[in-house]
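Asks: Throughout the sequence shown, residue numbering follows the UniProt record's numbering, covering 1 to 445 in sequence.
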Amino acid sequence: MKAFNLQEHSEIQKKQKGQEQQLKDEQKRKQIIERQLLGKEQEQEASKYQPDSLKADINSGNSLQNLNHAEEDIQQYDQAQKFNPENFEELANEGLTLCNLNRFEEAIQFYNKVLTINPNYCSALNNTGLALYKLNRFEEAINFYDKALNVNPKDYIALNNKGLALSEINRVEEAIQFYDQALNINPNVCEILSNKGFALFKLIRFEEAIKLYDLVLNINPNDCEVIVNKGLALSEINRVEEAIQCYDKALNINPNYCGALNKKGYALCKLNRFEEAIQFYDQAIKINPTYCRALNSKGLALSEINRDEEAIQLYDQILSINPKNCEALNNKGLALYQLNRVEEAIQLYDEILNINPNDFEVIINKGLALFKMNQFQKAIQLYDQALNINPNDCEVIINKGLALCQLNRFEEAIQICNKALSINPNNKEALTIKFIIQDMITKQQ
Numbered sequence: 001m002k003a004f005n006l007q008e009h010s011e012i013q014k015k016q017k018g019q020e021q022q023l024k025d026e027q028k029r030k031q032i033i034e035r036q037l038l039g040k041e042q043e044q045e046a047s048k049y050q051p052d053s054l055k056a057d058i059n060s061g062n063s064l065q066n067l068n069h070a071e072e073d074i075q076q077y078d079q080a081q082k083f084n085p086e087n088f089e090e091l092a093n094e095g096l097t098l099c100n101l102n103r104f105e106e107a108i109q110f111y112n113k114v115l116t117i118n119p120n121y122c123s124a125l126n127n128t129g130l131a132l133y134k135l136n137r138f139e140e141a142i143n144f145y146d147k148a149l150n151v152n153p154k155d156y157i158a159l160n161n162k163g164l165a166l167s168e169i170n171r172v173e174e175a176i177q178f179y180d181q182a183l184n185i186n187p188n189v190c191e192i193l194s195n196k197g198f199a200l201f202k203l204i205r206f207e208e209a210i211k212l213y214d215l216v217l218n219i220n221p222n223d224c225e226v227i228v229n230k231g232l233a234l235s236e237i238n239r240v241e242e243a244i245q246c247y248d249k250a251l252n253i254n255p256n257y258c259g260a261l262n263k264k265g266y267a268l269c270k271l272n273r274f275e276e277a278i279q280f281y282d283q284a285i286k287i288n289p290t291y292c293r294a295l296n297s298k299g300l301a302l303s304e305i306n307r308d309e310e311a312i313q314l315y316d317q318i319l320s321i322n323p324k325n326c327e328a329l330n331n332k333g334l335a336l337y338q339l340n341r342v343e344e345a346i347q348l349y350d351e352i353l354n355i356n357p358n359d360f361e362v363i364i365n366k367g368l369a370l371f372k373m374n375q376f377q378k379a380i381q382l383y384d385q386a387l388n389i390n391p392n393d394c395e396v397i398i399n400k401g402l403a404l405c406q407l408n409r410f411e412e413a414i415q416i417c418n419k420a421l422s423i424n425p426n427n428k429e430a431l432t433i434k435f436i437i438q439d440m441i442t443k444q445q
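1. Ala250 and Phe206: beta carbons closer than 9 Å?
2. So the alpha helix (DSSP H) Leu164 belongs to, where does it begin and stop?
3. When we look at the beta-carbon of Glu26 and count the other beta-carbons within 10 Å, is it buried (16 or more) or exposed?
4. Is Arg103 helix, strand or coil when you go by DSSP?
5. Throw me the rounded Cβ distance for the Cys246 and Gly259 pair, which I believe falls under 8 Å.
6. Around the C-beta of Ile227, are 16 or more other C-beta atoms found within 10 angstroms, so that it is buried, or is it exposed?
7. Using a threshold of 9 Å, state whether the C-beta atoms of Ala311 and Leu300 are closer than that.
8. From which residue to which residue does the alpha helix (DSSP H) around Leu300 run?
9. Is the CB-CB distance between Tyr133 and Glu168 below 9 Å?
10. Which first and last residues belong to the alpha helix (DSSP H) in which Leu234 is found?
11. I need the boundaries of the alpha helix (DSSP H) containing Asp350, first residue and last residue.
12. Please list the segments of the alpha helix (DSSP H) lying wholly inside the stretch 384-418, counting only runs of 4 or more residues, in order along the chain.
13. In whole angstroms, what is the alpha-carbon distance linking Ala92 and Phe110?
14. Who are the Cβ neighbours of Ile278 in its own chain at under 8 Å, not counting the five residues just before and after it?
15. How big is the Cα-Cα spacing for Leu212 and Asn358?
16. Cβ of Asn427 within 9 Å of Cβ of Cys405?
17. Out of curiosity, what's the CA-to-CA distance linking residue 492 and Asn296?
18. Go to Lys428, then tell me how far its alpha helix (DSSP H) extends in each direction, as first and last residue.
19. Going by other Cβ atoms of all chains shown within 10 Å of its Cβ, with 16 needed for buried, is Leu225 buried or exposed?
20. Can you name, in chain order, every residue of its own chain whose Cβ lies under 7 Å from the Cβ of Gln317, other than the five neighbours on each side?
21. Once DSSP output is grouped into helix, strand and coil, what is the label at Lys366?
22. For Ala386 and Gly367, which I take to be in contact (beta-carbon distance under 8 Å), what is that distance rounded to the nearest angstrom?
23. May I have the straight-line CA-CA distance separating Asn340 from Val396, to the nearest angstrom?
24. Take Leu115 and list the residues in its own chain whose beta-carbon comes closer than 6 Å to its own, dropping the five residues that flank it on each side.
25. With a CB to CB cut of under 6 Å and the five nearest residues on each side skipped, what residues in its chain are close to Leu183?
26. Check Phe144 in the structure and name its three-state DSSP category.
Right, dumping it as C-alpha cells:
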C-alpha cells in the first residue's frame, strides 16, 4: 500500500498524462509513496529491492532531493530558524527531512509548530497523519486526516491516507469507501487503485482485486509490487501457474526482488514442489539474510518434507532477530508438536497469547496440543475460546466434538456435530464422527 506526502497542496492538481508524467508530478507534489505487500517486513523488502521508480521514498522538494544530504538539510533549516522562527514552510521542510530519517516523533514536533502558526495547513496535517501512521498510531492519524479533509474535502491524498489507516485497524469496508472517493476525484492514480486492490484482497474478494491490479498494470506494466500482488490474488483462487508467471515477470524486471522470490516459493509449495520452493527462499535469504518472511517460509517448506529440526533452527534464527515474532513462535510450536515435544510447543503458544490473547490460530493450536496430552477438558476450554471469536468455524467445532467423545460425553458430541452440519450439511468429517458416535451409543445400549 502507498501513502502520499505533500508539501504544497496546490501542486497536486495537475493531470497525469502517462506514466512518465505521473512520476514527474509525484516529484513535484513531494509525495511519500509507502510500499507494502502483506506485512511490515515485505514493505521493507519492497522498498529495499524494487527498482528506483518503485521505491518508497520521501520527496521533499528542492533541498531534499538526496537522502544522503538529509542531516545537512536539517542543519541548514535549523540555521534558517534562527533568522525566521515563524517560517512555517521551513519548519514543514524540516519535518519532512526528519520523516526521511525515520525520526517520526521529532517530525511531529515540527508539524505541531507549523500547525500552531497555521492550523489549516493541509500538508502539515496530512504529514502529521503519515508520521503517526508510521508509528502505528492509526486512530490519531485518522484524526489528522479528518482535519485535512475539513479544510479541503476533495483532498484525494488525505482520502487515500485515511483509507490506509482504516485498513490497518481492520475497518476495510470503510477504507474502500475512501479510496472510491479519492478515485472519483482522480481516477488514474496507480497508488490508490493498488491500495483498493489490496483492501479487496483482505476481504477475500480476489477477482475484484485482480481487476484493480490490471488497471494499474495498464498504466504501468512494470510495477513490480502490483505484479506480485496480482500473483498473490491468483494464487488464492488456485490459479497458481498464472501466479508463478506474475512472479517470474517481476523477477525479470528485478531479479533481486525478495518479495517475488518469496511468493514464488509460496506458490511452488501450493503445488507440493517443496524442494524447488526452498531454492527460491534460499535466493531471497542470500540477498537479505535477515528477511524473516523467507526464513519463515523456508521453515514451513522444510516441515512439509519432515525436516522439522532444520525448520526449528530457522525459527530460532528469526527469534534471535525479533524475539516477539509471533509467526516464528507459532511455526516453531507446530514443528515441536510434530516432533512430539508438545509441552515445549505449549510454552511457545503461551508466549504468543501473552502478546495477543485473541490469536485465533494459536488458540486452536494450543487446544490441539492439550488434546494430544489427553487434557481434554482444557482443550475444550480453548476451543470454546476460539468459537467465541469465530462461532462458525467447523474445524474447531469438530475438534470440540472429538474432545467431548474422549470424555464419553457422546450426546453433547452429537449436538456439536449437528451444529457443524447446520453450517455445512456436506461436512464429511462431521457426518463420519456423528455416525461413529451413534454406533457407539447403540452398542452400549
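For every residue, glycine included, the Cβ atom is placed at its ideal position computed from N, Cα and C.
Replies: Let's see:
1. Taking the sequence shown and counting its residues from 1, one reaches residue 250 at position 250. Taking the sequence shown and counting its residues from 1, one reaches residue 206 at position 206. No. Outside cutoff.
2. Taking the sequence shown and counting its residues from 1, the one referred to as residue 164 is at position 164. Tyr156 to Glu168 is the span of the alpha helix (DSSP H), which, as asked, contains Leu164.
3. To locate residue 26, count along the sequence shown from 1; it is residue 26. In this prediction, Glu26 scores a pLDDT of 36, lower than 50, which makes its location untrustworthy; the coordinate-derived value is nonetheless stated afterwards. Buried, since its Cβ has 16 or more Cβ neighbours within 10 Å.
4. Along the sequence shown, one-based indexing puts residue 103 at 103. The answer is coil: DSSP assigns Arg103 none of H, G, I, E or B.
5. Counting from 1 along the sequence shown, the entry for residue 246 is found at position 246. Counting from 1 along the sequence shown, the entry for residue 259 is found at position 259. Contact doesn't hold; Cβ gap of about 12 Å is too wide.
6. Along the sequence shown, one-based indexing puts residue 227 at 227. With 16 or more other Cβ atoms within 10 Å, it is buried.
7. Along the sequence shown, one-based indexing puts residue 311 at 311. Along the sequence shown, one-based indexing puts residue 300 at 300. Yes. Within cutoff.
8. Position 300 of the sequence shown holds residue 300. It spans Cys292 to Glu304 - the alpha helix (DSSP H) in which Leu300 sits, taken as one unbroken run.
9. As a first step, residue 133 must be located in the sequence shown, where it is residue number 133. As a first step, residue 168 must be located in the sequence shown, where it is residue number 168. Yes, Cβ-Cβ distance for Tyr133 and Glu168 is below 9 Å.
10. As a first step, residue 234 must be located in the sequence shown, where it is residue number 234. Run containing Leu234: Cys224 to Glu236, per the alpha helix (DSSP H) assignment.
11. Start at 1 with the first residue of the sequence shown, and residue 350 comes out as number 350. Start and end: Val342 to Ile355.
12. 394-406
13. As a first step, residue 92 is located in the sequence shown; it is residue number 92 there, counting from the start. As a first step, residue 110 is located in the sequence shown; it is residue number 110 there, counting from the start. Cα to Cα, Ala92 sits roughly 7 Å from Phe110.
14. Walking along the sequence shown from the start, residue 278 turns up at place 278. Cβ within range, chain order: Gly265, Lys298, Ala301 and Leu302.
15. By 1-based counting over the sequence shown, the position of residue 212 is 212. By 1-based counting over the sequence shown, the position of residue 358 is 358. Rounded to whole angstroms, Leu212 to Asn358 spans 32 Å at the Cα level.
16. Counting from one through the sequence shown, the residue named residue 427 turns up at place 427. Counting from one through the sequence shown, the residue named residue 405 turns up at place 405. No, they are not a contact pair.
17. Here the chain covers residues 1 to 445 and nothing more, so residue 492 does not appear.
18. Residue mapping note: residue 428 aligns to position 428 of the sequence shown, counting from 1. Lys428 to Gln444 is the span of the alpha helix (DSSP H), which, as asked, contains Lys428.
19. Residue 225 sits at position 225 when you count from the first residue of the sequence shown. In the sequence on display, residue 225 carries Glu and not Leu. Burial call: buried.
20. Within the sequence shown, residue 317 is the residue found at index 317, counting from 1. So the qualifying residues of the chain are Leu295.
21. For the purposes of this step, residue 366 is taken as the residue at position 366 of the sequence shown. Lys366: helix per DSSP, three-state reduction.
22. Within the sequence shown, numbered from 1, the residue matching residue 386 stands at position 386. Within the sequence shown, numbered from 1, the residue matching residue 367 stands at position 367. Their Cβ separation, rounded to whole angstroms, is 7 Å, which keeps Ala386 and Gly367 in contact under 8 Å.
23. As a working note, residue 340 is residue 340 in the sequence shown. As a working note, residue 396 is residue 396 in the sequence shown. If I take the Cα positions, the gap works out to 21 Å.
24. Stepping through the sequence shown from its first residue, residue 115 is reached at position 115. Cβ neighbours of Leu115 beyond the five flanking positions: Ala124.
25. Walking along the sequence shown from the start, residue 183 turns up at place 183. Within the same chain, Leu183 has close Cβ partners Ile192.
26. By one-based count along the sequence shown, residue 144 stands at place 144. Three-state result, Phe144: helix.
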